[in-house]
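In numbering that gives the first Met the number 0, the protein residues as written are 0 to 122. Quick reminder that beta carbons are idealized off the backbone N, C-alpha and C, glycines included.
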Amino acid sequence: MGVSEELDGLRDAFEDCSIVAFADIETRLVLVSSSKGVARRETLDSLCASAADTFGNRKALPITEADMHIVASRTGLEIFFNLPEHAGDALCCVCEPSIDLDAFVAAARDTFDRVLNPAGDAA
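Spelled out as structure tokens, the structure:
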């Protein structure tokens, strides 16, 4: 399954997820995205910038082993995934506050792993 299909599958599995994007946070560029409706370029750029700001110093300051970061507001959640061994890549998600967070995080981690290791070469 390709990256686009992986992202579509994750977003489709969770009604409260509106955007899933795979980004290169070193260049601050969303490479592939899946959204309900049309996601404006500005929205995707902002999402990618937030992920880059969150995980961008991992190489310079490898003190954090966190692989996930959540930004909560009244209107929703931005959920970011990144791994030290793939420091330049991030999975960026926008969800409603009502999402089943435990189930979504587990599914998103599995999706991110499949995107990073398409042949099943899990790290």
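Anticipated Cβ contact below 8 Å, L6 with S45, distance rounded:
Between S45 and L6 the Cβ distance is about 18 Å, and since that is not below 8 Å, they are no contact.
Who are the near neighbours of A48 in its chain, counting only those whose CB is closer than 7 Å to its CB and skipping five residues on each side?
R27
Entirely enclosed alpha helix (DSSP H) segments - the stretch 81-120, minimum 4 residues:
100-115
Measure the Cβ-Cβ separation of A50 and I24 and say whether it is below 8 Å.
yes
Measuring only the C-alpha atoms, how far is C92 from E4?
15 Å
Find the nearest neighbour of I98 within the set A20, V114, D11 and V37, judged by alpha-carbon distance.
D11
Could you compute how far the alpha carbon of C94 sits from the alpha carbon of V19?
9 Å
Any idea what DSSP makes of D22, helix, strand or coil?
With the sequence shown as reference, residue 22 is identified as Ala, and Asp is not the correct amino acid for it. Here A22 sits in strand by DSSP.
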